[in-house]
Each structure stands twice: as structure tokens, then as C-alpha cells.
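Worksheet: the structure to be examined is printed underneath.
Residue numbers (the working numbering): 17 to 762.
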């Protein structure tokens, strides 16, 4: 019993408080188990020996803040507060600390329900068990040798670090603390303005989630009304719908457990990029698995104190179950797939841009392998290579995946089911996006046939009743019979007319004609610093008003850099770029939203940017062409969704009346219907266009040529974008054989 109490000191707070089975057993008379409950209890109580004399051990790393004595708590390494709101799914949104309340579960996620403890048994180890233990000790020592060697060589990248809650993402720099706090406050305000109701219809212990009578409101606006949420284990769902309809809001409500999801289902919701810190991407990815990190530190401490300790062998056994010796290799593989070279994996996070830090956050989500993974536009900030790798990686996810994506090609490759958020309801379709489109068209066609048939029947019966209802007795009886039939039809419910999504149309005004050459690039070389690597070397090409080019290539090859050189934002290191004296260039880029005045409405912002347009009604018509109507035009821009903010940017860009459109990742945050409208507008545009995008479908729709930026030069791809995608797939399989193994094991 004393052993149980000692083991409990290593554990943390029970996410269930007094309802923990170990605490309940203590009330029945097991003093040792009761001591475990009083000191925090187990956060999980699961494993091969859960509930036995090792039940206390199983809570290592699973709960963080228990009712430990102050002196003992000060001695334990890595003791940190429990998960705060905004992380990968707190068990109670807005309440991250406190004993027995919201201790972080395995890997910083919500702790599952523990099974009841088994009777305490002690037995002397057999010779076979001793040999097995010796092998585990030797394997553990082998794992520790590279780490010690790195420490002796001054490698700070592998130095043991203090484990923090998942949302902290390492040691934040002072200059970003205020911004992080502001983002957290903003998320809390959004959560406070959100109201969710629903009833769990599936069994509490089921791995499927079925919720009925689901309603969701935000700032009083009803986004969902009396619908159902069905998420089955082993399925990968694509959540689609128009911009601003509430897709991200629904994902946030699920991620913060504002809907009744069983506690044994751990959730990871990828919400934002990692804040800048002194940690490396590799460290940030590995530290998200809080259980493994704490077990490794505790095992290292015990190895120095007592190498023959039985508890140390148990720690090694649990680490073996978690594949701890392969954790770094797995984290490195994920980062490599997302575009991080070995050198980049060991750079400090503060040296990366926001897009790269978002990739680190995505790598953490893939590394932790939660039971339910929620991804909102995961392909944003990725290049084509990383998109192809992520598609191959996610298509083997075997639990519950819910993702929002604007990429039809990506949805086709990953999803087994589609959820369509439309008219305040969730509608479910089997298959990928292409199958959804086909099925929906067939269903809507049949629905309209049924609707017209019912309306014809109703009109005929009403006409008959009006004509013969007061005629002869025979005709009156027939009229009464038809009236009863009509009442039955009305009571049973009539088929609704199909309500199609409002069609969008983007518009780029006529730019007029200017004679070629419009832009000439002559022997241009470029690098950012005097001693830095060359991005381009001796480029020579020309572009005119009939140019329709998509730039592809790996990250860092210089796609965005080339657009900046052509617009004049960057100057060539060598060579010359000649532009027609009358050419006007409009460049759309990923950070254009940051230039918007969030306190102004779209109408006020556009009137400020284009004072020559005096009439508000005329400006309303202009903004309306980009899908912003009614209240959206007069609401503060900060209250608009990301997709609606993008439309404001396109309206601003189009009315500069450019001859050349340079579009750098224009599809981020746009829905599929808006992307199709953008493609139509580009095809109708009279000027030239250069596009950088990770959306294969948009490239297929608008690009006539594919230019590959790689190895300091630009070459024309002989084929279309789909053949280029197949080329990337074959290249990735050669670099990462595990992708092939996963696909064959599906």
C-alpha cells in the first residue's frame, strides 16, 4: 500500500475528481488506493496492469496538478499547470487548473474513463522476467547514449526541457506574450458569444459519436438548428459549405467539448500557428506527447538513483508500449514531409515565418495521433509537395478525422465521407467530393420531381374542391374525399423546393490593350544577402497580356520572390527587369488581409480607398459582385470570416484595374464555389496572369503553362498539372517508403 502512495506522488490530478474508480476503491477500504485518490488519483487508469499495484504508476504524465503536498510538488521536475483554453481540447473550456478538475490527459488531451481496479497482487519475478527486465534496461541505456553524447558536445537541441501544456508550445518570447494573450482573449470572447445545445445519442463507451437535436448560435445568429452530428470511427469527413456559414465555428465547438462528446475520446483541434520561441521544430513536435516526455525524464532520474528499481523497469515497459525509442525518428519524418530539412528541424522557432510555424503546429497534430483530429484548412501555407505528402499521410488515418478544406483535389484524395453544412442543417454523403457532387445532383433532381408532382396534385385537388364542393351530393362527396387526401398530404409533410447556394461571380474590369513586350526579364540573378545563397541565376523570359502561367516548385525555390521582383518590391542583384511604362500590376498575397482596417466596414474601407466613387449605392454594387451583400457590407471587417475578408481584398485589387494579375496563394480561406467564381473571372480577364497556388484544380482551370522554379532557374513543365502531381507522388514515395507501406496496409 505504501508503494501505491509513493507511485501516486509521481502522478497528477484526476480529471474526474472524486468519481475516479481508484478513489472509489479507497472508500471501500483499500488504504493505498485511497491515498492515490487523495493525492490526485489516476488520470487514465488504463494499460496492461491498470488497477493493480501499478495503477498509481499509470497516472504518470496523465494528470499534472493534484492535491500534492507543497514540498513534494516542488521536488518533482516538469510540474506545470494543466491545459489552458485554446489547446488541443481541454476537458472543461475556460478552466485549465485546479486539483481533480482538468488535469491534462495522455499527450495533453482529455483523460479517458478508467476501468475499475483489480485486486492487489505481488509476485516474485521469474528468471524469464529478470532476463526480460535486463534487456529492457540495456535498451534504455542505448537510448540514453546519443542524448548524453549530444549534451557533452553542447547540442542544446536535445537537452531535456521543461514540459509545458500543449498550447504553450515551448518558451514564448516576451515580445509575443501580449499577442498570444490577445489571441486567447479573442477565442474566449468567441466562445462566450457561442451557444451550443445537443444530446448524446450514442452509447457513452462507444467510439462513434452521434449527437441529436444539435443547435449552434453565434452572436444570436442561428448557424445550426435541430440537426444531428454523426462521426463514426474509421471515417474521414470533409466539412464543406459556403464562406461564413459556420464551419469553423462548429469545429471550435467540438474541439472545446461544448457538444456532449464522451471523455474517453481525446480530441486535438489545430487552431493556430506556434508562437515564436527558442525551441526547435523537432522539440516542439516531440514535447506535445506529454506522457512520453514525463516518463522519459522520470526514468532518467531513477536510473541515476537506483538502476535496479522495479519501478524503473515498469517505466521502460510503458515507454516501449509508446514506441518512445522511435519518437524522434517519427517526429523528424513528419517534419520532413512538411518541408523541413534536417538543418531546419534544429533551427529556433523564432527564426521561422508564421507559415512555417503553422507547419510545426500541423506536425504536432499528426505526431500525437489523437482519436479525433480536427483540421481547419490544413493545406494553407503548404506548397504542392507538402500538400501531396499530407494527402498521402491523412488517407491512412484510422480514427475520426474532420477537416475543412477549399481544395476539391485534396478532399477527393483524403475523405471517405462529406458533411454539407447548408440551410442550418448537416447533410451526410458517402464517398469523396466528386461522389458527393454526383449524389447531390441526383437527389436534388429527384426531390424537384417529387416537389412538382406534389404541387400539381395539390393544385388539381384544390381546383376540384372549389368547382364541385357545393354541387350534387355525388360530386360533393368526391370533393370531400379529395379534401381529406389533401389534408393527409399536408399532415405528412410536403417535399421542399431545392434551395441552391447563391451563385457568385467575381469580376476584373477591362484593362485595355498595351503592346508587347509588357515585362522583359534579362539575365536576372538574385539573392537576399551579399553572402547568402543565390535564389535565381541568369533568368531570361518575357510575359505579355496573354500569359497564363502557374509557378510550382518546393518551398524556398523563389516563387513568391519572383513575383516580388516583377512588381518591383525587390530589386535584382544582377541583370535588369524592363516594364512597359503604362503597365499596372495587381498582386494578391497571403498577408493582404493584414492591411485591412478591421474597425471599418467593407463599404467604408472601399470608399476610403477609392474616393472618386462618391455614391454609396454604386460602391455597394461593386462590393456585391464579390459575394458581400446586406449586413456584411456594413459590419466591421473584424466580424467577417476569413473567406469574407478575402473577398474584400479581391474587390480592392480588382478596382485598381491592373493589366497583370500576380496571385500568390489566392485560394486560402475561400470555399469551393468562390474558387470556381475566381477561376471564371480569371479566364474572362483580358490581361496577363501569373499564379502561385497549392490548389491543383484551380491551376488546371486557369493555367496554360506550368513553370517549375527549382535549382536557381525556371523550366517549363512538359505536361499539365495532374501529370506534375503524379511526378511529385512518385518522388515522395521514393523518399518516404512508409507512405507506400501505409497505403498497402489500408
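Glycine residues also receive a C-beta, built at the ideal position from the N, C-alpha and C atoms. None of these values were measured; they are calculated from a predicted model.
Quick test of your reading: residue 522 and residue 694, contact by CB under 8 Å. State the CB separation rounded to the nearest angstrom. Walking along the chain shown from the start, residue 522 turns up at place 506. Walking along the chain shown from the start, residue 694 turns up at place 678. Confirmed, Cβ separation roughly 5 Å.
Spatial neighbours of residue 355 within its chain, please: C-beta separation below 6 Å, excluding the five flanking residues on both sides. Along the chain shown, read from residue 1 onward, the residue named residue 355 stands at position 339. These residues qualify, in order along the chain: 402, 571.
Answer with buried or exposed for residue 221, where buried requires no fewer than 16 other C-beta atoms within 10 angstroms of its C-beta. Position 205 of the chain shown, counted from the start, is the residue given in the question as residue 221. By the neighbour-count rule (16 or more Cβ atoms within 10 Å), residue 221 is not buried but exposed.
Would you call the segment 650 to 666 and the segment 212 to 232 in contact, with 3 or more CB pairs under 8 Å? no
Any chance the segment 358 to 372 sits against the segment 281 to 293, with 3 or more Cβ pairs inside 8 Å? yes
Rounded to a whole number of angstroms, what is the C-alpha to C-alpha distance between residue 574 and residue 726? Translated into positions along the chain shown, residue 574 becomes position 558. Translated into positions along the chain shown, residue 726 becomes position 710. Rounded to the nearest angstrom, the two C-alpha atoms are 8 Å apart.
Other residues of its chain near residue 735: CB distance less than 8 Å, five sequence neighbours each side excluded: Along the chain shown, one-based indexing puts residue 735 at 719. Around residue 735: 722.
State the CB to CB distance for the pair residue 212 and residue 274, rounded to an integer number of angstroms; the pair is presumed to be in contact (CB under 8 Å). Counting from one through the chain shown, the residue named residue 212 turns up at place 196. Counting from one through the chain shown, the residue named residue 274 turns up at place 258. That belief holds up - the Cβ atoms of residue 212 and residue 274 are roughly 4 Å apart, short of 8 Å.
Beta-carbon contacts of residue 264 that lie in its chain and below 6 Å, excluding the five residues immediately before and after: Translated into the one-based positions of the chain shown, residue 264 becomes position 248. Cβ neighbours of residue 264 beyond the five flanking positions: 392.
Taking the DSSP output, what are the residues bridged to residue 785? In the structure as shown, the chain begins at 17 and stops at 762. Residue 785 is therefore absent and cannot be evaluated.
Is the Cβ-Cβ distance between residue 602 and residue 644 less than 8 Å? Position 586 of the chain shown holds residue 602. Position 628 of the chain shown holds residue 644. Not in contact: residue 602 and residue 644 (Cβ atoms no closer than 8 Å).
Enumerated in chain order, which unbroken segments of the alpha helix (DSSP H) with a length of 4 residues or greater are wholly contained in the segment 724 to 753? 737 to 751
Since I believe residue 464 is in contact with residue 514 (beta carbons under 8 Å), could you give me their beta-carbon distance rounded to a whole number of angstroms? Here residue 514 refers to the residue found at position 498 when the chain shown is read from its first residue. Here residue 464 refers to the residue found at position 448 when the chain shown is read from its first residue. 5 Å between Cβ atoms; contact.
Residues of its chain near residue 525, where Cβ-Cβ distance is below 6 Å and the 5 sequence neighbours each way are ignored: On the chain shown, position 509 is the one that residue 525 refers to. Contacts found: 673.
Report the option in 679, 321, 349 whose CA atom is closest to the CA atom of residue 703. Start at 1 with the first residue of the chain shown, and residue 703 comes out as number 687. Of the candidates 679, 321, 349, the one whose C-alpha sits nearest the C-alpha of residue 703 is 679.
For residue 620, which of helix, strand or coil comes out of DSSP? Taking the chain shown and counting its residues from 1, the one referred to as residue 620 is at position 604. Looking at residue 620 - three-state DSSP - the assignment turns out to be helix.
Cβ contact (3+ pairs, closer than 8 Å) linking the segment 492 to 499 and the segment 631 to 646: no
How long is the line joining the alpha carbons of residue 661 and residue 254, rounded to whole angstroms? The count along the chain shown starts at 1 and reaches residue 661 at position 645. The count along the chain shown starts at 1 and reaches residue 254 at position 238. Using only the alpha carbons, I get a separation of about 23 Å.
Under 6 Å Cβ to Cβ from residue 706, same chain only, skipping five residues before and after it: list those, please. Within the chain shown, the letter at position 690 stands for residue 706. Closer than 6 Å at the Cβ level, and outside the excluded window around residue 706, lie 565, 678.
Counting along the chain, where does the alpha helix (DSSP H) carrying residue 348 start and finish? Locating residue 348 in the chain shown gives position 332, where the first residue counts as 1. First-last of the alpha helix (DSSP H) with residue 348: 343 to 353.
Counting along the chain, where does the alpha helix (DSSP H) carrying residue 376 start and finish? Here the question's residue 376 lines up with position 360 in the chain shown. If you look at residue 376, you'll find it in the alpha helix (DSSP H) that goes 370 to 384.
Can you check the segment 611 to 665 for any alpha helix (DSSP H) of at least 4 residues that lies completely inside it and give the ranges in chain order? 618 to 625, 632 to 640, 647 to 650
Just to check my reading of the structure: residue 577 and residue 551 have Cβ atoms closer than 8 Å, yes? What is that Cβ distance to the nearest angstrom? One-based indexing of the chain shown puts residue 577 at position 561. One-based indexing of the chain shown puts residue 551 at position 535. Correct: roughly 6 Å between the Cβ atoms.
Within 10 Å of its beta-carbon, does residue 241 have 16 or more other beta-carbons around it, so buried, or fewer, so exposed? Walking along the chain shown from the start, residue 241 turns up at place 225. Classification of residue 241: exposed, given that the 10 Å Cβ count is below 16.
Among 318, 210, 259, whose alpha-carbon lies nearest the alpha-carbon of residue 268? Along the chain shown, one-based indexing puts residue 268 at 252. Answer by Cα proximity: 210.
Within 10 Å of its beta-carbon, does residue 325 have 16 or more other beta-carbons around it, so buried, or fewer, so exposed? By one-based count along the chain shown, residue 325 stands at place 309. When all chains shown are included, residue 325 counts as exposed.
Minimum length 4: unbroken alpha helix (DSSP H) runs contained in the segment 537 to 603: 575 to 583
Inter-residue Cα distance where the pair is residue 357 and residue 376: Taking the first residue of the chain shown as 1, we reach residue 357 at position 341. Taking the first residue of the chain shown as 1, we reach residue 376 at position 360. So the alpha carbons of these two residues sit roughly 13 Å apart.
If you follow the beta strand (DSSP E) that residue 229 is part of, which residue opens it and which one closes it? Reading the chain shown from its first residue, position 213 is the one you call residue 229. Taken as a continuous stretch (DSSP letters only), the beta strand (DSSP E) holding residue 229 covers 225 to 234.
What residue range does the alpha helix (DSSP H) around residue 271 cover? Within the chain shown, residue 271 is the residue found at index 255, counting from 1. Segment 263 to 271, the alpha helix (DSSP H) holding residue 271.
The ligand GTP heavy atom lying under 7 Å from the CB of residue 272: Absence of the ligand GTP is noted for the structure shown, with no ligands found whatsoever.
The alpha helix (DSSP H) spanning residue 237 covers which residue range? Here the question's residue 237 lines up with position 221 in the chain shown. It is not in any alpha helix (DSSP H) - residue 237 instead sits in the beta strand (DSSP E) that spans 237 to 247.
Environment of residue 345 [buried if 16+ CB atoms lie within 10 Å]: As a position in the chain shown, residue 345 is number 329, starting the count at 1. Exposed.
Distance check for residue 442 and residue 383, CA to CA, integer angstroms please. Mapped onto the chain shown, residue 383 falls at position 367. Mapped onto the chain shown, residue 442 falls at position 426. The straight-line gap from Cα to Cα measures roughly 30 Å.
Go ahead and pull the three-state DSSP assignment for residue 438. Within the chain shown, residue 438 is the residue found at index 422, counting from 1. Strand, per DSSP.
How is residue 320 classed by DSSP in three states: helix, strand or coil? On the chain shown, residue 320 is found 304 positions in, with the first residue counted as 1. In the structure shown, residue 320 sits in a helix (DSSP, three-state: H, G or I).
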